[in-house]
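All remarks here apply to the structure that follows.
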Amino acid sequence: MAPVQQVLGRKEKDRAVELGEARSRLAASETKLHDLEQYRLDYEQAFQKRARGGQPVRALRDFQVFLARLDQAIQQQRQIVAAAQNDVSGHSALWQSAARQVKAVDSVVDRWQGEERRAEDRREQKETDERAQRGARPRT
């Protein structure tokens, strides 16, 4: 059973690494989304401040076009975040499944080892009892 334990242990560790990598990708995509949203907010506030002083129509049009592109980029990044969240969920399920397999096999191995120890203890006790009986017999 040791080879099975090793294979399943490696599989579980691999799944844990994959889950960690998926979580890192999710964190990076969430950070990028936050940065985009913050940039949009800052850009809009700065433009509004300048617009109060008067802006040509072309500048307003350019602003609207740029905001539309930013909104599109934000929407795409939200989709990336959602996909990364799904990826984390999938990897989490795979890791949990692998961990359950390892735990099940470990439990079986522990049970078998316990049974082997008890059988060995019984054999040793039997041998001890037999030696004690032979030593207690009167010699003729």
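If you count by my numbering, then the sequence shown holds residues 1093 to 1232, one letter each, in order. Here a beta-carbon is modelled for each residue, glycine too, at the ideal position from N, C-alpha and C. Just so it is clear, the structure is predicted and the values come from calculations on it, not from any experiment.
For residue 1146, the secondary structure class from DSSP, reduced to helix, strand or coil, is coil.
With 16 or more other Cβ atoms inside 10 Å of its own Cβ, residue 1194 counts as buried. With distances taken between CA atoms, residue 1165 lies nearest to 1129 out of 1138, 1129, 1225. Cβ contact annotation for residue 1150 (same chain, cutoff 8 angstroms, sequence separation greater than five): none. Here the alpha carbons of residue 1181 and residue 1110 stand approximately 11 angstroms from one another. Within 10 angstroms of the beta-carbon of residue 1121 lie 16 or more other beta-carbons, which makes it buried. Between the region 1200-1212 and the region 1135-1144, the count of Cβ pairs shorter than 8 angstroms is below three; the stretches do not touch.
If the five residues before and after residue 1114 are omitted, its C-beta is found closer than 6 angstroms to the C-beta atoms of 1179, 1180, 1183, all from its own chain and listed in chain order. Remark: C-beta atoms of residue 1186 and residue 1107 approach each other more closely than 9 angstroms. Linking residue 1117 to residue 1176 through their CA atoms gives a straight-line distance of about 7 angstroms.
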